[in-house]
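Those protein sequences? They're chains Z and Y, same order as listed.
Sequential numbering from 0 applies to the first sequence in numbering that gives the first Met the number 0.
Sequential numbering from 0 applies to the second sequence in numbering that gives the first Met the number 0.
Cβ atoms here follow ideal geometry from the backbone N, Cα and C, with glycine treated the same way.
Everything numeric in this text was worked out from a predicted model, so none of it was measured.
Just below is one structure, and these are the notes that go with it.
There are 2 protein chains.
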Amino acid sequence: MPSNQRAPAFNRLLKSLPERDMRHALEGCESVDLAFADVLYAPGTAMAHAYFPTNSFISLIMPVDAASSLEVGLIGDEGMFGISLALGVDGSPLRAVVQGAGPALRMEAAVFVREVARSDALHRTVDRYIAFQLAQLAQTAACTRFHVVEARLARWLLMTQDRAHASTFRVTQEFLALMLGVRRVGVTKAAGSLQRAGLIRYSRGDMTVLERRGLKAASCGCYKSDRDSYQRFLG
Amino acid sequence: MPSNQRAPAFNRLLKSLPERDMRHALEGCESVDLAFADVLYAPGTAMAHAYFPTNSFISLIMPVDAASSLEVGLIGDEGMFGISLALGVDGSPLRAVVQGAGPALRMEAAVFVREVARSDALHRTVDRYIAFQLAQLAQTAACTRFHVVEARLARWLLMTQDRAHASTFRVTQEFLALMLGVRRVGVTKAAGSLQRAGLIRYSRGDMTVLERRGLKAASCGCYKSDRDSYQRFLG
DNA sequence: GACGCTATGTGCGTTGCCGCGCATACAGGT
DNA sequence: ACCTGTATGCGCGGCAACGCACATAGCGTC
């Protein structure tokens, strides 16, 4: 493991549960390794599993048309994928794609539904996480509307660094363009600007955050707002 | 009541409940008349009531800064305000503002929380509505990013007409600009274009939808997507 | 060491919306 | 009839991002 990386052994949502509930939930889980670009869920299909990333992370992507899409959520060890199951519905319009390879815990859909029904603590935690997702979606909608690409890119890098637990991670400009819903060239320009400012360094898919402080200043307030929301609902 | 208006006596979420659950829920409600521009909830305050519009409607607005904001949700008789209460959290980043004056049912926060706990049917319905709100938020984020003002305006008019249960309703361009997160002049241009196409007629705050068919064609697919989501989760 | 793939960077004309300032027009009150 | 406030319309210069096409640069492969 790279020296800049400290892998969490646990998923923070599960870890926050009382001992008994956590133990029971973990018994319903299996450990899996998620590979980059794995599609964990595609709209229109049945949701087979809920996922609790430990040292991996997952993008929630809203498809618009063949060429365009927009990332509307990012899930790492602070969260989970599968809230639709907890809400008792059979699908979601969002694609779930592995963005950072690594280990995760997963639960079969039926098992997750049963666990949520039997554990009040898990149910409450999941509900609070849903509240966070709602807040994050609203924040993303506003951010996407009002903020320039460079600021949105800075926010994205900070969010990703948090979930990668590393200052270096792999991500191409092409991929960033899809996440931010802009042209690749737009990313080139914004990333070049951040690099010239000494905040990041990158080359052929290797992205390194050099100065978190500076990135925060370059980002819009949405990064901080997201963290505040998480703190309020789940902190 | 204008002839083009057919007021629903009920809120559709409540109406969908089994007789017993609905009756019990209604007993926890009081009837109120919502006035235009009433602020039902402001971020940072305690949420005092849940609202079930019958023939009124409510905007969910994400504030960005003093000058800018963005509507991320619209709640009429097909929905409710107060899902945060059901999720067991104490607040939301979204302002709730009355956009269409009219009658609604409301429940004190504590009563609503108790009802959700005691009625499985209500709980399931609220959960499904939350799933819809999540889908609508994601749709709005993508729509706001990719679609031009004219299409977004058309979508907004269709959504509002559905909830106003009337082809005429009051809305100024200034207000529309705040909802769509654009300049008032941008609305002037887009609305003028729709009017020249014979799809709408408006003057000094009186907006009339003349041709729903044409408006749908002028709008992006997001209007249809929203309705499909609602149908899937609550239909 | 040539080849090909992927990743990144550049140029150019276009567009959708911005900020700002101002002009018109209708409505209601006195 | 006048005045004032609100609603709508228009012009101008500017900017961020667009679409498209092409240029460079690293890296693996045979």
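> Name the DSSP beta bridge partners of Asp32(Z), please?
Replying inline: Mapped onto the first sequence, residue 32(Z) falls at position 33. According to DSSP, which records beta bridges pairwise, Asp32(Z) is partnered with Pro102(Z).
>> Could you check whether Ala196(Y) and Leu152(Y) sit closer than 8 Å to each other, using their CB atoms as the reference points?
In response: Sequence index remark: in the second sequence, residue 152(Y) carries index 153 (1-based). Sequence index remark: in the second sequence, residue 196(Y) carries index 197 (1-based). Not a contact, by the Cβ cut-off of 8 Å.
>> So if DSSP puts Ser202(Z) in a beta bridge, which residue, or which two residues, is it bridged to?
In response: Residue mapping note: residue 202(Z) aligns to position 203 of the first sequence, counting from 1. For Ser202(Z), which the question treats as bridged, DSSP gives the partners Asp205(Z).
>> To the nearest angstrom, how far is the alpha carbon of Arg260(Y) from that of Val31(Y)?
In response: The requested residue 260(Y) does not occur in the structure, where chain Y is confined to residues 0 to 234.
> Which partner residues of Ile129(Z) appear in the DSSP bridge assignment?
Replying inline: Against the first sequence, residue 129(Z) aligns to sequence position 130. DSSP lists no partner for Ile129(Z).
> What are the uninterrupted segments assigned as alpha helix (DSSP H) that are 4 or more residues long and contained completely in the stretch 156 to 201 of chain Z, given in chain order?
Replying inline: 172 to 179, 183 to 195
> To which residues does DSSP link Arg94(Y) through a beta bridge?
Replying inline: The residue given as residue 94(Y) occupies position 95 in the second sequence. According to DSSP, which records beta bridges pairwise, Arg94(Y) is partnered with Ile60(Y).
> What separation, rounded to the nearest whole angstrom, lies between the Cα atoms of Ala116(Z) and Val110(Z)?
Replying inline: Position 117 of the first sequence, counted from the start, is the residue given in the question as residue 116(Z). Position 111 of the first sequence, counted from the start, is the residue given in the question as residue 110(Z). Rounded to whole angstroms, Ala116(Z) to Val110(Z) spans 10 Å at the Cα level.
> In terms of alpha-carbon separation, which member of Leu12(Y), Asp227(Y), Ala95(Y), Ala24(Y) lies closest to Gly43(Y)?
Replying inline: Looking up residue 43(Y) in the second sequence gives position 44. The shortest Cα separation from Gly43(Y) among Leu12(Y), Asp227(Y), Ala95(Y), Ala24(Y) belongs to Ala95(Y).
>> Let me check one thing: in DSSP terms, what residues is Val38(Y) bridge-paired to?
In response: Here residue 38(Y) is taken as the residue at index 39 of the second sequence, counted from 1. Val38(Y) is bridged to Val96(Y).
> Is there a Cβ from chain Z that is less than 8 Å from the Cβ of Asp126(Y)?
Replying inline: Here the question's residue 126(Y) lines up with position 127 in the second sequence. Closer than 8 Å to some Cβ of chain Z, the Cβ of Asp126(Y) qualifies, so yes.
> What residues are listed by DSSP as bridge partners for His48(Y)?
Replying inline: Counting from 1 along the second sequence, the entry for residue 48(Y) is found at position 49. According to DSSP, His48(Y) bridges with Glu107(Y).
>> Quick check on Met0(Z): does DSSP put it in helix, strand or coil?
In response: Stepping through the first sequence from its first residue, residue 0(Z) is reached at position 1. Per-residue confidence for Met0(Z) stands at a pLDDT of 42, beneath the threshold of 50, marking its modelled position as unreliable; no derived number is given.
> Hey, out of Arg144(Z), Leu59(Z), Asp64(Z), whose CA is closest to Gly72(Z)'s CA?
Replying inline: For the purposes of this step, residue 72(Z) is taken as residue 73 along the first sequence, with counting starting at 1. Residue Leu59(Z) is the option with its Cα nearest to Gly72(Z).
> Which partner residues of Gly72(Y) appear in the DSSP bridge assignment?
Replying inline: Working through the second sequence from its first residue, we reach residue 72(Y) at position 73. DSSP lists Leu59(Y) as partners of Gly72(Y).
> Which residues mark the beginning and the end of the alpha helix (DSSP H) in which Asp225(Y) is found?
Replying inline: In the second sequence, the residue the question calls residue 225(Y) occupies position 226. Segment 221 to 233, the alpha helix (DSSP H) holding Asp225(Y).
> Nearest-angstrom Cα distance between Gly234(Z) and Ala120(Z)?
Replying inline: Translated into positions along the first sequence, residue 234(Z) becomes position 235. Translated into positions along the first sequence, residue 120(Z) becomes position 121. Gly234(Z) and Ala120(Z): Cα-Cα distance of roughly 15 Å.
>> With a threshold of 8 Å on Cβ separation, who are the neighbours of Leu198(Z) within its own chain once the five nearest residues in sequence on each side are excluded?
In response: Working through the first sequence from its first residue, we reach residue 198(Z) at position 199. These residues qualify, in order along the chain: Ala153, Val208, Leu209, Glu210, Gly213, Leu214, Ala217.
> Can you name the residues of chain Z whose CB is closer than 8 Å to the CB of Pro92(Y)?
Replying inline: Reading the second sequence from its first residue, position 93 is the one you call residue 92(Y). The answer, in chain order, is Ala134, Ala137, Gln138, Ser224, Ser228.
> Relative to chain Y, which residues along the stretch 42 to 61 of chain Z have a C-beta separation below 7 Å, given in chain order?
Replying inline: Met61
>> I'd like to know if Leu73(Y) contacts chain Z, where contact means its C-beta is closer than 8 Å to some C-beta of that chain.
In response: One-based indexing of the second sequence puts residue 73(Y) at position 74. No, Leu73(Y) lies away from the interface with chain Z (no Cβ there is under 8 Å from its Cβ).
> Does the Cβ of Thr261(Y) have 16 or more other Cβ atoms within 10 Å, making it buried, or fewer, making it exposed?
Replying inline: Since the first and last residues shown for chain Y are 0 and 234, residue 261(Y) lies out of range.
>> Tell me which residue opens and which closes the alpha helix (DSSP H) that Glu77(Z) is part of.
In response: Sequence index remark: in the first sequence, residue 77(Z) carries index 78 (1-based). Counting along the chain, Glu77(Z) falls outside any alpha helix (DSSP H), and DSSP gives it neither H nor E.
>> Does chain Z have any CB closer than 8 Å to the CB of Ser202(Y)?
In response: The residue you call residue 202(Y) lines up with position 203 of the second sequence. Closer than 8 Å: no.
> Near Ser91(Z), which residues of its chain fall below 8 Å by C-beta distance, leaving aside the five closest residues on each side in sequence?
Replying inline: Here residue 91(Z) is taken as the residue at index 92 of the first sequence, counted from 1. Hits under 8 Å: Tyr40, Pro42, Met46, Ser83.
> Is DSSP giving Gly213(Z) helix, strand or coil here?
Replying inline: Locating residue 213(Z) in the first sequence gives position 214, counting from the first residue. In the structure shown, Gly213(Z) sits in a helix (DSSP, three-state: H, G or I).
>> Assuming Met61(Y) and Leu12(Y) are in contact, meaning their beta carbons sit under 8 Å apart, how far apart are those beta carbons, in whole angstroms?
In response: Within the second sequence, residue 61(Y) is the residue found at index 62, counting from 1. Within the second sequence, residue 12(Y) is the residue found at index 13, counting from 1. At roughly 23 Å, the Cβ-Cβ gap does not stay under 8 Å, so Met61(Y) and Leu12(Y) are not in contact.
> Closer than 8 Å, CB to CB, is Thr167(Y) near chain Z or not?
Replying inline: In the second sequence, residue 167(Y) corresponds to position 168, counting from 1. Chain Z, which has no Cβ nearer than 8 Å to the Cβ of Thr167(Y), makes this no.
> Which residues in the same chain as Leu33(Y) place their Cβ atom closer than 7 Å to its Cβ, once the five residues preceding and following it in sequence are excluded?
Replying inline: As a first step, residue 33(Y) must be located in the second sequence, where it is residue number 34. So the list reads Ser55, Val97, Ala100, Gly101, Ala103, once near-sequence residues are dropped.
> Is it buried or exposed for Ser2(Z), if we count other Cβ within 10 angstroms and need 16 for buried?
Replying inline: The residue labelled residue 2(Z) in the question sits at position 3 within the first sequence. Confidence at Ser2(Z) is low in this model, with a pLDDT of 41, below 50, so the placement of that residue should be treated as unreliable; the coordinate-derived value is given next. Classification of Ser2(Z): exposed, given that the 10 Å Cβ count is below 16.
>> Between which two residues does the alpha helix (DSSP H) holding Asp20(Z) run?
In response: Against the first sequence, residue 20(Z) aligns to sequence position 21. Counting along the chain, the alpha helix (DSSP H) containing Asp20(Z) begins and ends at 18 to 26.
> Of all Cβ atoms in chain Y, is any one closer than 8 Å to the Cβ of Arg183(Z)?
Replying inline: Position 184 of the first sequence, counted from the start, is the residue given in the question as residue 183(Z). Closer than 8 Å: no.
> Using the C-alpha atoms, what's the distance from Leu136(Y) back to Ala66(Z)?
Replying inline: For the purposes of this step, residue 66(Z) is identified with residue 67 of the first sequence, where counting begins at 1. For the purposes of this step, residue 136(Y) is identified with residue 137 of the second sequence, where counting begins at 1. Their Cα atoms are separated by approximately 21 Å.
> chain Y beta carbons: is any one of them nearer than 8 Å to that of Glu38(Z)?
Replying inline: What you label residue 38(Z) is simply residue 39 of the first sequence in a count that begins at 1. At residue 38(Z) the sequence reads Val, which differs from the Glu that was named. Output row for Val38(Z): interface = no.
> Using a Cβ-Cβ cut-off of 8 Å (strictly less than) and excluding sequence neighbours within five positions of Gln194(Y), which residues of its own chain qualify?
Replying inline: Residue numbering aside, residue 194(Y) sits at position 195 when the second sequence is read from its first letter. Within the same chain, Gln194(Y) has close Cβ partners Arg200, Tyr201.
> Where does Pro17(Z) land, buried or exposed, given buried means 16+ other C-beta within 10 angstroms?
Replying inline: Counting from 1 along the first sequence, the entry for residue 17(Z) is found at position 18. Looking at its Cβ environment, which holds fewer than 16 other Cβ atoms inside 10 Å, Pro17(Z) is exposed.
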